[in-house]
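Residue numbers (this note's numbering): 5 to 165.
First comes the structure, then the notes that go with it.
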């Protein structure tokens with residue numbers, strides 16, 4: 005069984021200048037965890053839920069124990085409010101950021117005529133969940149781990165009948 009037998013042809017793509025907020029909505033609306041970033045029909049990157057969620061990670065809190073004095077206790081809510089305002093501002097900026105700032109541009113692509121076993125090996129070795137499918141330099145599809153599992157299931161199911 006080949007990648008072309010299980011891939012999603014003509015996948016949803018986004019341009020490099022598409023805002024993060026729009027990409028997030030596309031993922032939600034289409035129930036997908038990753039989208040190829042394309043320019044002139046060529047895959048130039050891929051963005052995943054993990055890439056977008058990494059924008060929301062907060063800095064680690066210092067483990068040092070700090071006990072405030074009574075005067076400092078009054079000051080804490082003011083400091084926390086100021087930090088929250090900065091955080092809200094940073095999160096609103098994330099939505100307007102172009103996806104090219106977030107995407108992985110060191111992508112591994114696969115040809116449609118490759119065996120699905122090889123595609124599975126690549127995904128497992130590289131720790132990735134999807135591969136853009138490219139033929140003659142053009143993005144023609146995308147294949148995910150779920151596609152491979154469904155393909156294997158139907159392949160072995162057909163043999164048992």
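Even for Gly, the Cβ is constructed at its ideal location relative to N, Cα and C.
From a predicted model like this one, the values you see are computed outputs, not experimental measurements.
The C-alpha of residue 28 is placed about 13 Å away from the C-alpha of residue 58.
Exclusion of the five residues before and after residue 130 leaves 112 as the residues of its chain whose Cβ lies within less than 7 Å of its Cβ. Taking C-alpha positions only, residue 117 is separated from residue 49 by approximately 21 Å.
Residues of the same chain with a CB within less than 8 Å of the CB of residue 108, apart from the 5 flanking positions on each side, are 49, 50, 51, 52, 55 in chain order. Per the coordinates, the alpha-carbon of residue 156 lies some 11 Å from the alpha-carbon of residue 149. Within the region 89-144, the complete beta strand (DSSP E) runs of at least 3 residues fall at 134-139.
Ranked by Cα distance from residue 10, the first of 137, 143, 141, 42 is 137. Within the region 16-59, the runs of alpha helix (DSSP H) at least 4 residues long that lie entirely inside it are, in chain order, 24-34, 53-57. Between the alpha carbons of residue 120 and residue 105 lies a distance of about 31 Å.
For residue 8, the enclosing alpha helix (DSSP H) begins and ends at 7-10.
Taking 8 Å as the cut-off, the beta carbon of residue 135 is found no closer than this to the beta carbon of residue 124. For the 8 Å CB-CB criterion, residue 99 and residue 13 do not form a contact. Using a 10 angstroms sphere on the CB of residue 139, the tally of other CB atoms stays under 16, which defines it as exposed.
Relative to the Cα of residue 30, the nearest Cα in the group 17, 21, 154 belongs to 17.
Ranking 143, 126, 43, 103 by CA distance to the CA of residue 26 puts 103 first.
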